Amino acid sequence: MNVHVPAPAAAPKKARPYRVNPRFKLPATLVVEGAEVEVFDWSRDGVGFTAPRAALQPGETMPAELRFDFPGASMAIAIDATIRHFDPRSGRGGLSYTLRRPEDGGILDFIINEHLVGRIMSTEGVLGTSDSTRATPKPVAKPRQNVAANITRRVVGLSLFTLGGALALYFLGSSIYNRLFVFEAVSAQVAAATVDLDAPVAGTIVALAAPGRIAPGAPAFGIVDAFGARTDVASPCDCEVTEGGRAVGSYASPGSVVQRLIPVDAQPFVSVSVAFPDVSRIYDGAAVDLKFIDGTTVNGAHIVAVENLREQGSGLVTVTVDPGQAIPPARFGEPVYARFDTAPWR
450 MNVHVPAPAA APKKARPYRV NPRFKLPATL VVEGAEVEVF DWSRDGVGFT APRAALQPGE
510 TMPAELRFDF PGASMAIAID ATIRHFDPRS GRGGLSYTLR RPEDGGILDF IINEHLVGRI
570 MSTEGVLGTS DSTRATPKPV AKPRQNVAAN ITRRVVGLSL FTLGGALALY FLGSSIYNRL
630 FVFEAVSAQV AAATVDLDAP VAGTIVALAA PGRIAPGAPA FGIVDAFGAR TDVASPCDCE
690 VTEGGRAVGS YASPGSVVQR LIPVDAQPFV SVSVAFPDVS RIYDGAAVDL KFIDGTTVNG
750 AHIVAVENLR EQGSGLVTVT VDPGQAIPPA RFGEPVYARF DTAPWR
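Residue 450 is where the sequence shown starts when you use the working numbering, and the numbers rise one by one after that.
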């Protein structure tokens, strides 16, 4: 009796462990010791390359640069490369890499994300944006023209073309820069260390010091309890009375804040609320640009402290910023526009 034993199925080819991320065939150049190496695909952790006549061995490591060329500009990422395989006959090989600067991962994420949504594509060997258009001139009969007028028209046209190209490059570079390095605060306001005066008893407020300066020992507010007994609370310092407190005739419970004072020698600062995912971008250094409600701007303000979450579940973190200049206590509570720039050179 003949028994047919089927041949074992071929084992599926496993992907190389360093090329498990999606590969992209967008134009890129590998630069090793000043020499440019052709790249035929790349991913978040690996590069496929062609290097004829090169003598490379698997396991060999070297510093390198992965460069992405745009029209008129380039982005380069410093990497530590490890050769994983190399065929000396065809010159084709593959390597894995790690970023020498972790913040360069933002450049890769930007290029990949913009390519996946169709805003970045390959254009004649470089990276280009999909919204760029090219005008095709229509052939027209060439009338007789004055030579001087023709030259003037060409000069003006060339100037406009140059200006348009420069503006396009500027806006493209500005857009890429803002996506990589810039984010805005959720909110910000002028703040200061305050002295809070609490109600000593439950009762009705019958007197309040007006907003402005108040001397030590001067009456800050008066309160009458349910039995008609009046209690006066004096200012403990040479302070400014802030606006927006309680009103005369309102009820105050024991321990609740009735008056909020700012010592005249207190230096107001800017309290900035930042979304929690953006906090990690601040730790490596960030310049803070501030704009006050009166139009005053401060570039490169100093971060004093990063505090804990403002409130449970809010997702916001408070950052204390020193504007580097005096702010009148009367401006306590004013809103401020705050912008963080995390570029390494700032």
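For glycine and all other residues, C-beta sits at the position ideal for the given N, C-alpha and C. The structure displayed is predicted, hence computed values, not measured ones.
Look at residue i and residue j and say whether their C-beta atoms are less than 7 Å apart.
i      : j      : result
PHE517 : MET511 : no
GLN716 : GLY694 : no
GLY749 : ALA735 : no
LEU544 : ILE556 : no
VAL486 : LEU475 : no
VAL655 : VAL682 : no
PHE630 : ILE711 : no
VAL755 : VAL768 : yes
THR745 : TYR700 : no
ARG730 : THR791 : yes
GLU783 : ILE742 : yes
VAL488 : PHE498 : yes
SER636 : SER539 : no
What does residue i pair with, by DSSP beta-bridge criteria?
i      : result
ARG662 : GLU689
SER539 : Its beta-bridge partners do not exist; DSSP assigns none.
ASP790 : VAL631, ALA736
SER608 : The partner list for SER608 (beta bridge, DSSP) is empty, contrary to what the question assumes.
HIS564 : Paired residues: none, contrary to the question.
THR531 : THR510, SER545
GLU487 : THR478, THR499
PRO784 : GLN638
PRO668 : ALA683
ALA750 : VAL737
VAL770 : VAL719, ILE752
SER523 : ASP518
Would you report the Cα separation of residue i and residue j, rounded to the nearest angstrom?
i      : j      : result
GLN638 : LEU739 : 10 Å
PHE789 : ASP490 : 35 Å
VAL690 : ASP771 : 23 Å
VAL469 : PHE632 : 32 Å
GLY704 : VAL644 : 14 Å
TYR786 : ALA634 : 8 Å
HIS564 : ALA500 : 26 Å
LEU657 : SER720 : 28 Å
PRO471 : LEU548 : 17 Å
VAL481 : ASP529 : 10 Å
GLY577 : ALA522 : 11 Å
TYR626 : ASP647 : 49 Å
PHE725 : VAL766 : 6 Å
VAL697 : ALA651 : 14 Å
ILE561 : ARG568 : 10 Å
ARG550 : ALA527 : 7 Å
ALA775 : ALA641 : 12 Å
VAL753 : PRO778 : 19 Å
ARG493 : PRO507 : 20 Å
PRO668 : VAL706 : 15 Å
ASP687 : PRO793 : 44 Å
Throw me the rounded Cβ distance for the residue i and residue j pair, which I believe falls under 8 Å.
i      : j      : result
PRO665 : PRO685 : 7 Å
ARG628 : PHE519 : That belief does not hold up - the Cβ atoms of ARG628 and PHE519 are roughly 14 Å apart, past 8 Å.
LEU505 : GLY554 : 26 Å between Cβ atoms; not a contact.
ALA477 : LEU515 : 6 Å
* Does the count of Cβ pairs from the stretch 661 to 678 and the stretch 716 to 729 closer than 8 Å reach three? -> The answer is no - the stretch 716 to 729 does not touch the stretch 661 to 678, with fewer than three Cβ pairs under 8 Å.
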